[in-house]
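*Asks:*
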Amino acid sequence: MALIAAASIVSSLFIAAPAAQADTITAAQLPGLLTVAAETTTPSYDRDLFEHWIDADSDDCNTRYEVLIDESTTRVTVDDGCWISGGTWVSPYDGVTAYAPSGIEIDHVVALAEAWRSGASGWTNEQRRAFANDLDVPYALTAASSTSNQSKADKDPAEWLPTNSSYVCEYVTSWALVKYRWSLTVDQAEFDALSSVLSGTCGSQSVTLPPLGDSTPAPTPVTFSDVSTNHVFYDEIRWLADAGISRGWKVGDTYEFRPARSIARGEMAAFLYRMAGEPAYTPPATSPFVDVRTSHVFYREIAWLADTGISKGWNTSKGTEFRPGWSTSREVMAAFLYRFEGSPAYSPDGESPFRDVSSSRTFYKEIRWLAAAGISTGWNVGYGCRDYRPLVTVKRAEMAAFLYRLENGGTTPITASECSPPPSPLYSGTVTAGAFCARDYAGWYGYTSGGTLMQCKTSSTDTRLRWRQV
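With my numbering, letter number 457 in the sequence shown gets 517, and the count goes up by one each step, no holes.
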């Protein structure tokens, strides 16, 4: 989108609206479509009412990073957590080049404060959020140098124009189109400046009017190339995507969910924030965690998680740490979901239904609550015995299932132990499935390191003694 010559405005800048709405006019006609009115100065402008940046398509890249990826003039590499490397950005306002995301800013062509004075003060928070993160047209947001962005600030074209004279026509055209798209007014001096620039050769350019801001279509359904219809959690993953909680990663023309990948604590924060409906929330200017910068792709979600008391992190000699890259264990997941639900009144009684979860465990109550709700009932390892495996990390597919059950109701609740261990002899160590076992152990039972019950025995097709699943 950056550095597009005025002569190429039609072909490379503007996205056509649906056929029933698309109107092509000349740039000179744009000012006549705008309403002239004095700017509103009350109520006072509040930047926090324009929520940004958000991850609208749940692909782990928020609006700022989407623009950076789109406007780089060289190929970028996007790693987990939307970490970008290898890009080059040229500020169209002044021609300044940056070689790292930290060296470039994302500018609202029509500044938020200007939008506020031009009608946005009367919008809902949802409308302001949509405006502040508008990726549906390629000219609402642009990568700009810090110097030009600060110089521009919230000025309109009557007060500021790019120093790059070859970009002035495109800039003013973009400004007018954004104002039209969002039904924002222009003051008289602004109208005169638009009319002056959008004249002559610049004014003769053809432009296509965009759809109005309140008619932006909903995201199209996502199909994951790495999740087959016979996947054990296919329905749950499908629900997670349709609910906008996670739409995976876009790879070429397809999407990947990566169901077997462990879910990190930062991702967990994002999942729960979206599960809560992405409530309006302004994170603090200073991060509550020494290991989470305010520029972190999930900073808003992590700060929200802390403010709601779902996770306070760890107190260390360096300060409070969240450890966003750490994998989430099953017992921590239980605690997160319990607190997410408002820490409901619950008192576990009777013997633990899990062999590996004693009443002295830190998250014993939360795990018992999760099982009683049928959200996670662990593994049946035979003879009515169950394991929860509290330290095993949660995979993305499993998290889809847990959230689905939390929202739609769980499976059969597990509230008490029904474990009747196999009779002696029981092998005291761990065994390996399929491994040979000595004749002295024929008929003995044993458990694998993963908790699966095995027996040293033959089979109908193999007369050799092996550890075989019961």
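Each residue gets a CB set at the ideal place from its N, CA and C atoms; glycine is no exception. All figures in this text were calculated on a predicted structure; none of them were measured in a lab.
In chain order, what residues of the same chain have a beta carbon less than 8 Å from the beta carbon of M514, not counting five sequence neighbours either side?
*Replies:* Position 454 of the sequence shown holds residue 514. Answer for M514: V491, A493, Y505, G506, Y507, T508, W527, R528, Q529 and V530, listed in chain order.
*Asks:* With three or more beta-carbon pairs closer than 8 Å as the criterion, would you say the stretch 143–153 touches the stretch 219–235?
*Replies:* With a cut-off of 8 Å, the stretch 219–235 and the stretch 143–153 count as touching, because enough Cβ pairs lie within range.
*Asks:* Go ahead and label W374 buried or exposed: buried means 16 or more other beta carbons lie within 10 angstroms of its beta carbon, across all protein chains shown.
*Replies:* By 1-based counting over the sequence shown, the position of residue 374 is 314. Under this definition W374 is an exposed residue.
*Asks:* Using C-beta distances below 6 Å, list every residue in its chain close to D83, excluding the 5 sequence neighbours before and after it, in chain order.
*Replies:* Stepping through the sequence shown from its first residue, residue 83 is reached at position 23. L269.
*Asks:* Determine the DSSP secondary structure at T268, reduced to helix, strand or coil.
*Replies:* Numbered from 1 along the sequence shown, position 208 holds the residue referred to as residue 268. Residue state, collapsed to three classes: strand.
*Asks:* Between F284 and M328, what straight-line distance do the alpha-carbon atoms span, to the nearest angstrom?
*Replies:* Locating residue 284 in the sequence shown gives position 224, where the first residue counts as 1. Locating residue 328 in the sequence shown gives position 268, where the first residue counts as 1. So the alpha carbons of these two residues sit roughly 20 Å apart.
*Asks:* Tell me the rounded alpha-carbon separation between F74 and A236.
*Replies:* Looking up residue 74 in the sequence shown gives position 14. Looking up residue 236 in the sequence shown gives position 176. Per-residue confidence for F74 stands at a pLDDT of 36, beneath the threshold of 50, marking its modelled position as unreliable; no derived number is given.
*Asks:* From L254, F331, D416 and R421, pick the residue whose C-alpha is nearest to that of L397; which is it?
*Replies:* Position 337 of the sequence shown, counted from the start, is the residue given in the question as residue 397. Ranking the options by Cα distance to L397, first place goes to F331.
*Asks:* Going by the beta-carbon positions, is the gap between A192 and T100 smaller than 9 Å?
*Replies:* Translated into positions along the sequence shown, residue 192 becomes position 132. Translated into positions along the sequence shown, residue 100 becomes position 40. Not in contact: A192 and T100 (Cβ atoms no closer than 9 Å).
*Asks:* Mind checking which residues open and close the alpha helix (DSSP H) that includes G503?
*Replies:* Taking the first residue of the sequence shown as position 1, residue 503 is located at position 443. Neither: G503 is in no alpha helix (DSSP H) and is coded neither H nor E.
*Asks:* Please give me, in chain order, every unbroken run of the alpha helix (DSSP H) with length at least 4 that falls completely inside the stretch 112–171.
*Replies:* The qualifying runs are 123–131.
*Asks:* Cα-Cα, which of G260, V282, P281 and S436 is closest to S389?
*Replies:* On the sequence shown, position 329 is the one that residue 389 refers to. For S389, the nearest C-alpha among the options comes from S436.
*Asks:* Mapping the DSSP letters down to three states, classify R399 as helix, strand or coil.
*Replies:* Start at 1 with the first residue of the sequence shown, and residue 399 comes out as number 339. DSSP places R399 in helix when its eight states are reduced to three.
*Asks:* Here's the rule I'm using: 16 or more other beta-carbon atoms within 10 Å means buried, otherwise exposed. How should Q339 be labelled?
*Replies:* By 1-based counting over the sequence shown, the position of residue 339 is 279. According to the sequence shown, residue 339 is Pro rather than Gln. Label assigned to P339: exposed.
*Asks:* Considering Cα atoms alone, identify which of E361, S256, K215 and G273 is closest to P384.
*Replies:* Here residue 384 refers to the residue found at position 324 when the sequence shown is read from its first residue. Nearest of E361, S256, K215 and G273 to P384, Cα basis: E361.
*Asks:* Taking C-beta to C-beta, are I164 and A204 nearer than 9 Å?
*Replies:* On the sequence shown, position 104 is the one that residue 164 refers to. On the sequence shown, position 144 is the one that residue 204 refers to. Yes, these two residues count as a Cβ contact at 9 Å.
*Asks:* Kindly indicate which residue of S347, K425, S412 and S181 has the alpha-carbon position closest to the one of Y406.
*Replies:* What you label residue 406 is simply residue 346 of the sequence shown in a count that begins at 1. Checked all of S347, K425, S412 and S181; the closest Cα to Y406 is K425.
*Asks:* Residues bridged to A203 by DSSP?
*Replies:* Reading the sequence shown from its first residue, position 143 is the one you call residue 203. Paired residues: I166.
*Asks:* Assuming L258 and A87 make a contact with CB atoms under 8 Å, what is their CB distance in whole Å?
*Replies:* Position 198 of the sequence shown holds residue 258. Position 27 of the sequence shown holds residue 87. So it is a contact: roughly 5 Å between Cβ atoms.
*Asks:* Have a look at R449, Y501 and S371 and flag the residue whose alpha-carbon is nearest the alpha-carbon of G402.
*Replies:* Taking the sequence shown and counting its residues from 1, one reaches residue 402 at position 342. G402 has its Cα closest to that of S371, out of R449, Y501 and S371.
*Asks:* What is the residue span of the alpha helix (DSSP H) that Y531 lies within?
*Replies:* Because the chain here runs from 61 to 530, residue 531 falls outside it and cannot be looked at.
*Asks:* Ends of the alpha helix (DSSP H) at R353?
*Replies:* For this step, residue 353 is matched to residue 293 along the sequence shown. Here R353 belongs to no alpha helix (DSSP H), and DSSP marks it neither H nor E.
*Asks:* In the structure shown, what three-state DSSP assignment does Y227 receive?
*Replies:* Within the sequence shown, residue 227 is the residue found at index 167, counting from 1. Three-state result, Y227: helix.
*Asks:* Going by other Cβ atoms of all chains shown within 10 Å of its Cβ, with 16 needed for buried, is R298 buried or exposed?
*Replies:* Position 238 of the sequence shown, counted from the first residue, corresponds to residue 298. With 16 or more Cβ atoms within 10 Å of its Cβ, R298 is classed as buried.
*Asks:* Please check the pair L272 and R241, which I expect to be a contact at CB under 8 Å, by giving their CB distance rounded to whole angstroms.
*Replies:* Translated into positions along the sequence shown, residue 272 becomes position 212. Translated into positions along the sequence shown, residue 241 becomes position 181. Going by Cβ atoms, the distance from L272 to R241 rounds to 6 Å, so yes, they are a contact pair.
*Asks:* In the DSSP output, what is L525 paired with across the bridge?
*Replies:* Position 465 of the sequence shown, counting from 1, holds the residue named residue 525. Answer by DSSP bridge pairing: none, since L525 is not bridged.
*Asks:* Please name the residue or residues paired with S519 in a DSSP beta bridge.
*Replies:* Sequence index remark: in the sequence shown, residue 519 carries index 459 (1-based). According to DSSP, which records beta bridges pairwise, S519 is partnered with D522.
*Asks:* Taking 9 Å as the cut-off, decide whether the C-beta atoms of R107 and A213 are in contact.
*Replies:* Position 47 of the sequence shown holds residue 107. Position 153 of the sequence shown holds residue 213. Cβ distance not < 9 Å, so R107 and A213 don't count as in contact.
*Asks:* Taking Y105 and W176 to be in contact with their CB atoms under 8 Å, please state how far apart those CB atoms are, rounded to whole angstroms.
*Replies:* Taking the sequence shown and counting its residues from 1, the one referred to as residue 105 is at position 45. Taking the sequence shown and counting its residues from 1, the one referred to as residue 176 is at position 116. Rounded, the Cβ-Cβ distance is 5 Å, consistent with contact.
*Asks:* So is K239 buried or exposed if we call it buried at 16+ other beta carbons inside 10 Å?
*Replies:* Residue mapping note: residue 239 aligns to position 179 of the sequence shown, counting from 1. Burial call: buried.
*Asks:* In the DSSP assignment, find the alpha helix (DSSP H) that holds K378 and state where it starts and stops.
*Replies:* The residue you call residue 378 lines up with position 318 of the sequence shown. Note, K378: premise wrong, no alpha helix (DSSP H); not H, not E.
*Asks:* If contacts are defined as beta-carbon pairs under 8 Å, then G308 and V292 qualify, I think. What distance do you get, rounded to the angstrom?
*Replies:* Here residue 308 refers to the residue found at position 248 of the sequence shown. Here residue 292 refers to the residue found at position 232 of the sequence shown. Rounded, the Cβ-Cβ distance is 18 Å, inconsistent with contact.
*Asks:* With DSSP as the reference, label F317 as helix, strand or coil.
*Replies:* Taking the first residue of the sequence shown as 1, we reach residue 317 at position 257. Looking at F317 - three-state DSSP - the assignment turns out to be coil, as it is neither helix nor strand.
*Asks:* Terminal residues of the continuous alpha helix (DSSP H) containing G260?
*Replies:* Position 200 of the sequence shown, counted from the first residue, corresponds to residue 260. Taken as a continuous stretch (DSSP letters only), the alpha helix (DSSP H) holding G260 covers G260 to G263.
*Asks:* Do T475 and R428 have their C-beta atoms within less than 9 Å of each other?
*Replies:* Reading the sequence shown from its first residue, position 415 is the one you call residue 475. Reading the sequence shown from its first residue, position 368 is the one you call residue 428. Yes, the pair counts as a contact, with Cβ atoms nearer than the cut-off.
*Asks:* Alpha carbon to alpha carbon, how far is W183 from S355?
*Replies:* The sequence position of residue 183 within the sequence shown is 123, counting from 1. The sequence position of residue 355 within the sequence shown is 295, counting from 1. Each residue's Cα considered, the two are about 27 Å apart.
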